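Residue numbers (the numbering used here), protein chains in the order written: chain A, 50 to 162; chain B, 79 to 192.
First comes the structure, then the notes that go with it.
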Amino acid sequence: GESVGLHLPTLSVQEGDNSIINCAYSNSASDYFIWYKQESGKGPQFIIDIRSNMDKRQGQRVTVLLNKTVKHLSLQIAATQPGDSAVYFCAENKDSGYSTLTFGKGTMLLVSP
Amino acid sequence: EAQVTQNPRYLITVTGKKLTVTCSQNMNHEYMSWYRQDPGLGLRQIYYSMNVEVTDKGDVPEGYKVSRKEKRNFPLILESPSPNQTSLYFCASSPLTGPNQPQHFGDGTRLSIL
Chain A
50 GESVGLHLPT LSVQEGDNSI INCAYSNSAS DYFIWYKQES GKGPQFIIDI
100 RSNMDKRQGQ RVTVLLNKTV KHLSLQIAAT QPGDSAVYFC AENKDSGYST
150 LTFGKGTMLL VSP
Chain B
79 EAQVTQNPRY LITVTGKKLT VTCSQNMNHE YMSWYRQDPG LGLRQIYYSM
129 NVEVTDKGDV PEGYKVSRKE KRNFPLILES PSPNQTSLYF CASSPLTGPN
179 QPQHFGDGTR LSIL
């Protein structure tokens, strides 16, 4: 089975609820942030991104909020569905220039019908 | 279909036996990267490449090699695998040099080194 979910914080919601997944990032100089969804047995899948010159960005059923003052990122999922059950990762462009994304450890979202 | 393809998907092998995990993308992306994913540690970057013949170390490069002889392929080489390299490995690519683009991930390769 998939062991990625071990040791992860877990958010359990009912179908139809709104979900909020939080992420604290480490570098105040980070200028790009991204959320990924990872389903069991699959690679991370891009959900939404945001640059540091924005506070909020909306996609289809998802919204990302960026609070640079407290170095906090959140992902809001509206009308959560069982298919949203997965591990969600935030990532930041921690280094300046062309280097790497640094990923958080993830949050598992469990959606009950 | 645009995709990142890794092979093999699963491999069990023994300490010291050289192995290569292949990664190929069909999106003409310049940037490619390898990550390992371990419980409690999340995704950590091993190596990345900004273009052909250009590779750089990520956060955990020890024990790994990569090459980028052509744009579409970015193999990960374990010359002498050890049990601490047992992990789930992901290859990713993105369309421009630099990380400020969403990276597209393969479905992973689970390696077990006995």
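Using N, Cα and C, we set each Cβ at its ideal position, and we do this for glycine too.
Note that the structure is predicted; figures quoted are calculated from it, not measured.
DSSP places A/GLN109 outside both helix and strand once states are collapsed to three, so it counts as coil. Out of B/TYR167, B/GLY120 and B/GLY94, the CA that lies nearest to the CA of A/PRO58 is found in B/GLY120. By the criterion of a C-beta distance shorter than 7 Å, B/LEU174 is surrounded in its chain by GLU108 and TYR109, once the five residues flanking it on both sides are discounted.
Taking C-alpha positions only, B/GLU140 is separated from A/GLN63 by approximately 43 Å. Assigned with DSSP and collapsed to three states, B/ASN151 falls in strand. If you draw a straight line from the Cα of B/SER171 to the Cα of B/PHE152, it comes to about 10 Å. Here the alpha carbons of B/THR98 and B/LYS147 stand approximately 15 Å from one another. Nearest Cα to A/MET157 within the set A/SER89, A/SER79, A/PHE82 and A/ASN76: A/SER89.
In the structure shown, B/GLY120 adopts extended strand secondary structure according to DSSP, grouped into three states.
For the pair B/THR91 and B/ARG188, the Cα-to-Cα distance works out to about 11 Å.
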